[in-house]
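If you read the sequence shown in full-length UniProt numbering, its first letter stands for residue 1, the second for the next number, and so on.
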Amino acid sequence: MLQACANVAPRGVYVCGNTSTSSGLTVTVTREGNEFAMEAGALMLADQGTCCIDEFDKMSSQHACLLEAMEQQSISVAKAGIVCNLPTRASILAAANPAGGHYNKAKTIAENLKISSPMLSRFDLIFILLDQPNEQMDLLLSRHVLSLHKANKIKRNLNETTFDGSEIEENSFRERLRNTDENIDHLPHTLFRKYIAYAQKYVKPYLSDEAKEIIKEFYLSLRKQFKTGDCTPITTRQLNSLIRLTQARAKVELREEATRDDAKDVIELMRFSLVDVFTDSSGVLDKTRSQIGTGMSTKNQVR
Numbered sequence: 001m002l003q004a005c006a007n008v009a010p011r012g013v014y015v016c017g018n019t020s021t022s023s024g025l026t027v028t029v030t031r032e033g034n035e036f037a038m039e040a041g042a043l044m045l046a047d048q049g050t051c052c053i054d055e056f057d058k059m060s061s062q063h064a065c066l067l068e069a070m071e072q073q074s075i076s077v078a079k080a081g082i083v084c085n086l087p088t089r090a091s092i093l094a095a096a097n098p099a100g101g102h103y104n105k106a107k108t109i110a111e112n113l114k115i116s117s118p119m120l121s122r123f124d125l126i127f128i129l130l131d132q133p134n135e136q137m138d139l140l141l142s143r144h145v146l147s148l149h150k151a152n153k154i155k156r157n158l159n160e161t162t163f164d165g166s167e168i169e170e171n172s173f174r175e176r177l178r179n180t181d182e183n184i185d186h187l188p189h190t191l192f193r194k195y196i197a198y199a200q201k202y203v204k205p206y207l208s209d210e211a212k213e214i215i216k217e218f219y220l221s222l223r224k225q226f227k228t229g230d231c232t233p234i235t236t237r238q239l240n241s242l243i244r245l246t247q248a249r250a251k252v253e254l255r256e257e258a259t260r261d262d263a264k265d266v267i268e269l270m271r272f273s274l275v276d277v278f279t280d281s282s283g284v285l286d287k288t289r290s291q292i293g294t295g296m297s298t299k300n301q302v303r
């Protein structure tokens, strides 16, 4: 998935965490004769693009250098007499594996992934993918894998997967994605890359008044519901995430205005992510947990 994202991004960089260093991610200072020169790392090469990082849990020592880059969209360099600020305006898509190879639902996300809370808080959305037995899903995946080994590859659509126990609103964002026509003609990678590049360069959506109101009400309701004692896990970072995601939702369709429907789609995604984060091992939504809470994924909405 990460490699596919890097391939279609107009400026995509794929790195593996267990073979990357802090300098390889940010900037390296080399000496050429009596002068020093800087060589761009993965984040700088992905400026205004996408940086896909696999094995994110294997690079805990490099997380510190990512904090500034993800928060400020830039990195400060002070090496070999060179002091400067370099842009790292890249979207970061990361994948991590739980310690021991198995996700323990009784532990928090931070405990399972061995990733600090400040690092995880930088991500707009966090999803937990659990390998649970599902007859229909297993059948679709096995057909897809086997089709890759045939002479004539068969296109398979995995969007038909059903999730037991889920309550989906009529015409919800997830339902619309799942009901995509199987016979739809997919864009070639080259054309898809041009489409994304055009949207990034020329489309700058603004929030409509209705979208602003919906986002504000959702954010305030989260602040009220998740305030527990001295800890308030919902901060302005979630508000900024909602704004960015709503604008991105409109940008996908090349629209200059982000509407209330865009805001509703993003809120559905945010709720889905929050359920993953705050659900305890028994499947109950526990709002008293820290921001980097538990892991068992359920499909009930945050109320």
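The beta-carbon is built from N, C-alpha and C at its ideal position, and this holds for glycine as well.
Quick caveat, the model's predicted, so the values are computed rather than measured.
{"query": "Just to confirm, are proline 98 and glycine 49 a CB contact at a threshold of 8 Å?", "result": "no"}
{"query": "Roughly how far, in whole angstroms, is the beta-carbon of leucine 67 from the beta-carbon of methionine 119, given that I think they are within contact range, below 8 Å?", "result": "7 Å"}
{"query": "Alpha carbon to alpha carbon, how far is serine 208 from arginine 31?", "result": "52 Å"}
{"query": "Report yes or no: do the region 54 to 61 and the region 89 to 97 share at least 3 C-beta pairs separated by less than 8 Å?", "result": "yes"}
{"query": "Using 8 Å for Cβ pairs, my map puts isoleucine 243 next to isoleucine 215. What's the rounded Cβ distance?", "result": "7 Å"}
{"query": "Using the C-alpha atoms, what's the distance from serine 147 back to arginine 237?", "result": "43 Å"}
{"query": "So what's residue 305 in DSSP terms, helix, strand or just coil?", "result": "Examination of residue 305 is not possible in this model, given that the chain is present from 1 through 303 alone."}
{"query": "Along the chain, where does the beta strand (DSSP E) that runs through alanine 37 open and close?", "result": "35 to 40"}
{"query": "Would you check if the distance between the CB atom of isoleucine 234 and the CB atom of leucine 245 is smaller than 8 Å?", "result": "no"}
{"query": "Three-state secondary structure (DSSP) at asparagine 97?", "result": "coil"}
{"query": "Give the C-beta separation of valine 27 and glycine 41 to the nearest angstrom, bearing in mind that I take them to be a contact with Cβ-Cβ under 8 Å.", "result": "5 Å"}
{"query": "With 16 as the cutoff for other CB atoms within 10 Å, does serine 117 come out buried or exposed?", "result": "exposed"}
{"query": "Would you decide whether aspartate 138 is buried or exposed? Buried here means 16 or more other CB atoms lie within 10 Å of its CB.", "result": "exposed"}
{"query": "Considering only DSSP beta bridges, list what isoleucine 82 is partnered with.", "result": "Lys79"}
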